[in-house]
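Quick notes on the structure that follows.
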Amino acid sequence: MLDILGRNNIAAVHGPLHRHMRGAMLGLVGPVARRQSLLPKIDAFMRSHTSGWAGSVVDVQAKTKEMALLSTLRQIAGITAGPLSDALKAELYTLVLGTISLPINLPGTSYYQGFQARKKLVSILEQMITERRSSGDAHDDMLDVLLRSGDDGTRDKISDEQIIDLLIALIYSGYETMSTTSMMAVKYLSEHPLALEELRREHLDIRKGKSPDEAINYDDFKSMAFTPAVIFETLRLATVVNGLLRKTTKDVEMNGWRIYVYTREINYDPFMYPDLMTFNPWRWLEKNMELHPHFMLFGGGGRMCPGKEVGTVEITTFLHYFVTRYRWEEEGKNTILKFPRVEAPNGCISEFKITELLQQTFCRV
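Just so you know, UniProt numbering puts 270 at position 270 of the sequence shown, and the rest follows in order with no gaps.
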């Protein structure tokens, strides 16, 4: 995984370099960037991406993967749907499979193919950096921020190698985490109508007083209570990150505490989560579980995922437009694989027939 994602990948570096790379990433997705730049872009993209689905059968797995990739690429370098995004998508999918394969670097193996995909991604990103520098034009995106970092003397300059590894990490995490969580949220909501009704009520209340084309804003996002509960419960049951690199190779008992081999097992602790296999977003409201010291959905401490908030904003915005625009029915029951990655093996897990457009949602009040 280190060779594929890069040796400057924020998950692999330590000490001063980790602080340097984490600081660079937080500068891209931190509170100021979310409020002033990212949220308006995300809202405009999600509103457009989720339009025109009424009366059709939609493969939500395919749609959320496309959504996650295009949303991330637009924020990173202003890339829209086209030949470049298609090329990046093909290489990214191969890279993802390589990161969860045995590290056997022989032609024909998934690891080898993932490593080759990384080389192609690096080549594309190097070309983009060269073109940006030669043009000298300013752009309102993450790549521009990274290229200009250090110019004011307030922080160290980021090397091109570090920029490329950081961009690959952003694309990888945005694509894999956001798409899977969005897909599984729709899946769980379709199976739990009371949760869907509660979520829809929260978002319809937000739309009251807004014009049809008016975006949701940061205050709307912060006012939501049930939506983050839905996202947390989805992440708990369909954990995207199944483990991390450490020394523990089996369950260990220490001072009355059990250290699990896999981090995802923490999400199935019956002490913390009674009726643990049931999708129950309300559990996050009743106990304020997000503040619990064992809340590990996004990591913890100095290794807390720096993209936690922006990822939550993206999934929230997708759910906002999806549940306020449409009602749907799942066509059949399909199998979900949760290891080594959450996916629909037959590519049809989330094909939903969109049966009704909620016209009243976007009427002026």
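Note that beta-carbon positions come from the ideal geometry of N, C-alpha and C, so glycine has one too. Small disclaimer: the values here were computed from a predicted structure and weren't measured.
{"Asked": "Helix or strand or just coil, what does DSSP make of residue 88?", "Found": "helix"}
{"Asked": "Count the other CB atoms, across all protein chains shown, that sit within 10 Å of the CB of residue 255; report buried if there are 16 or more and exposed otherwise.", "Found": "exposed"}
{"Asked": "Would residue 57 be called buried (16 or more neighbouring beta carbons within 10 Å of its own) or exposed?", "Found": "exposed"}
{"Asked": "What is the residue span of the alpha helix (DSSP H) that residue 366 lies within?", "Found": "The structure shown does not extend to residue 366, since the chain is modelled only from 1 to 365, so the question has no answer here."}
{"Asked": "For the stretch 159-167 and the stretch 12-26, state whether three or more C-beta atom pairs, one from each stretch, are separated by less than 8 Å.", "Found": "yes"}
{"Asked": "When the Cα of residue 224 is compared with those of 199, 214, 240, which residue comes out closest?", "Found": "199"}
{"Asked": "Compute the Euclidean distance between the alpha carbons of residue 47 and residue 82, then round it to the nearest angstrom.", "Found": "19 Å"}
{"Asked": "List, from N- to C-terminal side, the beta strand (DSSP E) runs of 3 residues or more that fit wholly inside the stretch 181-222.", "Found": "none"}
{"Asked": "What alpha helix (DSSP H) runs, 4 residues minimum, are completely inside the stretch 122-184?", "Found": "142-148, 160-173"}
{"Asked": "Between the alpha carbons of residue 245 and residue 211, how many angstroms are there, rounded?", "Found": "The predicted position of residue 245 is uncertain, since its pLDDT is 49 and thus under 50; a value taken from the coordinates is nonetheless stated next. Roughly 49 Å between the two C-alpha positions."}
{"Asked": "Alpha carbon to alpha carbon, what distance is there between residue 221 and residue 23?", "Found": "24 Å"}
{"Asked": "Check for me: the alpha helix (DSSP H) holding residue 46 runs from which residue to which?", "Found": "39-49"}
{"Asked": "Can you name, in chain order, every residue of its own chain whose Cβ lies under 6 Å from the Cβ of residue 49, other than the five neighbours on each side?", "Found": "67"}
{"Asked": "Can you list, in chain order, the residues of its chain whose CB lies under 8 Å from that of residue 116, leaving out five sequence neighbours each side?", "Found": "94"}
{"Asked": "Figure out for me which residue from 90, 62, 42, 52 has the closest Cα to the Cα of residue 74.", "Found": "42"}
{"Asked": "So, using beta-carbon positions, are residue 233 and residue 279 closer together than 8 Å?", "Found": "yes"}
{"Asked": "Report the option in 138, 119, 106, 202 whose CA atom is closest to the CA atom of residue 88.", "Found": "119"}
{"Asked": "Taking only three categories from DSSP, how would you classify residue 74?", "Found": "helix"}
{"Asked": "State the Cα-Cα distance for the pair residue 173 and residue 205, rounded to the nearest angstrom.", "Found": "31 Å"}
{"Asked": "How about residue 76 and residue 4: do their beta carbons lie closer than 8 Å?", "Found": "no"}
{"Asked": "For residue 193, which residues in the same chain have their Cβ closer than 7 Å to its Cβ, ignoring the five residues on either side in sequence?", "Found": "none"}
{"Asked": "Looking only at its chain, what residues have a beta carbon closer than 6 Å to the beta carbon of residue 317, apart from the 5 residues adjacent to it on each side?", "Found": "42, 43, 46"}
{"Asked": "Just checking my contact of residue 181 with residue 96 at CB under 8 Å: how many whole Å lie between their CB atoms?", "Found": "Not quite, the Cβ-Cβ distance comes to about 15 Å (not below 8 Å), so this is no contact."}
{"Asked": "Residue 278 lies in the alpha helix (DSSP H); which residues open and close that run?", "Found": "Note, residue 278: premise wrong, no alpha helix (DSSP H); not H, not E."}
{"Asked": "Given a threshold of 16 other Cβ atoms within 10 Å of its Cβ, counted over all protein chains shown, does residue 271 qualify as buried or as exposed?", "Found": "exposed"}
{"Asked": "Measuring only the C-alpha atoms, how far is residue 145 from residue 28?", "Found": "8 Å"}
{"Asked": "Should residue 281 go down as buried or exposed, given a rule of 16 or more other Cβ atoms within 10 Å for buried?", "Found": "buried"}
{"Asked": "Return the CA-CA distance between residue 6 and residue 62, expressed in angstroms with no decimal places.", "Found": "27 Å"}
{"Asked": "With DSSP collapsed to three states, give me the class of residue 268.", "Found": "helix"}
{"Asked": "Quick one: using the 10 Å Cβ neighbour count with 16 as the cut-off for buried, is residue 105 buried or exposed?", "Found": "exposed"}
{"Asked": "Could you have a look at residue 7 and say whether DSSP puts it in helix, strand or coil?", "Found": "coil"}
{"Asked": "Who are the Cβ neighbours of residue 122 in its own chain at under 6 Å, not counting the five residues just before and after it?", "Found": "164"}
{"Asked": "Residue 364 by DSSP, collapsed to three states: which one?", "Found": "Below a pLDDT of 50, predicted positions are generally treated as unreliable, and residue 364, at 33, falls in that range; the measurement from the model is reported next regardless. In the structure shown, residue 364 sits in coil (DSSP, three-state: anything other than H, G, I, E or B)."}
{"Asked": "Measuring only the C-alpha atoms, how far is residue 190 from residue 315?", "Found": "16 Å"}
{"Asked": "What would DSSP say about residue 16, mapped onto helix, strand or coil?", "Found": "helix"}
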